[in-house]
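Scroll down for the structure; my scribbles are underneath it.
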Amino acid sequence: MEHTYIKYKTAVFAVLLAAILFFMAGCSAVVDNKVLQAENKLEAAEDIWGIEIIGIRRTAAGNLLDFRYKITEPERVLPLLKRQVRPYLIEQVSQAKLGIPNLPKVGRLRSGSNPSINQTYYMLFTNPNGFVKAGDKVSVVMGDFRAENIIVQ
């Protein structure tokens, strides 16, 4: 009788272990797929628009968000760099839109009117009272270009 009970416990343990491993493999595949989708979107930004996204960080005591990108193909990115295009940033949870400040003597806090290949450019977005925190996800919109799920450093 005890021998049958041990076989039963072993079988239950094996089924539970198999279920846990199957569940973990499924979760891993979902995570890998989401990462892959995010990578594909960033690769699409480079393939379609000629922009390699470097990242976004809080700066100026958290009152500005510094978006950095590199231009890989200047002719593709030209429509996005026109002064008529007004880039903005969207905080994804609240959907708040944050713009680029326009200072009287300096102008808009962004670079890139004459793009050069493999040069790093910036845009500084307002972040009143440190609204966007490190770890938040944001989207950057420039004309038809939209980069989503960028994690603030």
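If you count the sequence shown from 1, position 119 lands on 117 in our numbering, and the numbers rise without skipping. Yeah, the Cβ is synthetic: ideal placement off N, Cα and C, and Gly gets one too. A quick note: this is a predicted structure, and the numbers were derived from the prediction, not measured.
Separation of residue j from residue i, as counted between CA atoms
i      : j      : result
Met121 : Lys80  : 13 Å
Ile51  : Ser92  : 23 Å
Pro113 : Trp47  : 12 Å
Arg88  : Val150 : The question names Arg, yet the displayed sequence has Ile at residue 88. Near 12 Å, if we compare the C-alpha coordinates of Val150 and Ile88.
Leu78  : Lys135 : 22 Å
Leu63  : Pro126 : 10 Å
Tyr86  : Pro72  : 21 Å
Arg106 : Ile98  : 6 Å
Val104 : Gly53  : 24 Å
Of the listed residues the options, nearest to residue i (C-alpha basis)
i      : options                       : result
Gly128 : Arg56, Glu44, Asp45 and Ile49 : Arg56
Val75  : Ile115, Ala58 and Ile54       : Ile115
Asn100 : Ile69, Gly141 and Thr124      : Thr124
Met140 : Val104, Tyr67 and Lys131      : Tyr67
Phe143 : Asn61, Ala132 and Arg84       : Arg84
Coarse secondary structure for residue i, derived from DSSP in three states
i      : result
Leu76  : helix
Asn127 : helix
Glu89  : strand
Asp64  : strand
Ile115 : coil
Neighbour-count burial assignment, residue i, 16 or more Cβ in a 10 Å radius
i      : result
Val138 : buried
Val130 : buried
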